[in-house]
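Reading the sequence shown from the start, the letters are residues 51 to 197 in the working numbering. No residue lacks a Cβ here, since even glycine has one placed at the ideal position from N, Cα and C. As C-alpha cells, the structure follows; a few thoughts come after it.
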Amino acid sequence: MPPKPKRYQHQRSLHFITFSCYQRMKLLDSVPARETFERELELVRRWYGFYINGYVVMPEHVHLLISEPERGELSVVIQMLKQITSHELKTPDQRRFWQVRYYGFPVWGEKKRIEKLRYIHRNPVQRGLVARPEDWEWSSFRQWAMG
C-alpha cells in the first residue's frame, strides 16, 4: 500500500476541502439538514479558531475554503465537524452519514483563491439547483456580495 500523502500546515494558508455524504446520498437535501450543518460549522469554527473564506452545502457534499486552525490540526477539525454533524443529522437506522475520507489541498495565491471561491459559489448553478449563485441560501455567496 503506498504511503498517504503528507498534509502540510502553514499559518494563514487556505485549504480547499470537499467531503461527501455516505455513498453520495442526498442527506443534506432538506432545509433543516443544511441549517444544522451551517450551525455546527460555526460552532467548530469558534472551537478551533479558523476563518471561513467560502463554503457551500450541496445536497450530497460540502465544499469549504478555510484557513489553518489556530488550535489543532486541519484533519482534526474536519473529523470533528463530520462527527458532530453526523450525530445531529443521522437517523437511527443509518450506519454512516459521511464518507470516511475528505479531499483537500492548500490554496496558494490570490488567483487560485478566487478560482476556488467562484467554483464554490457557482456549484449550485452548475448542478441546476438555482439560476444564480445568490439564489442558493446555503453558501457564503451572500456574505461576499453584501460585503
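Use the C-beta contact count for residue 76: other C-beta atoms within 10 angstroms, 16 or more gives buried, fewer gives exposed.
So residue 76 ends up on the exposed side.
Look up residue 15 in the DSSP assignment and give the residues it is bridged to.
This structure leaves residue 15 out entirely; the chain is present only between 51 and 197.
For residue 125, the three-state DSSP class (helix, strand or coil):
helix
Report buried or exposed for residue 128, applying the criterion of at least 16 other Cβ atoms within 10 angstroms of its Cβ.
Classification of residue 128: buried, given that the 10 Å Cβ count is 16 or more.
Collapsed DSSP secondary structure at residue 106 in the structure displayed
strand
Taking the alpha-carbon positions, what's the residue 91 to residue 63 distance?
19 Å
Out of 88, 162, 136 and 108, which has the shortest C-alpha to C-alpha gap to residue 198?
Past the edges of the chain, shown from 51 to 197, lies residue 198, and the structure says nothing about it.
Closest by C-alpha distance to residue 87, when choosing among 122, 132 and 183:
Of 122, 132 and 183, the smallest CA-CA separation from residue 87 is found for 132.
Do the region 154 to 168 and the region 65 to 74 touch if we need at least three Cβ pairs shorter than 8 Å?
yes
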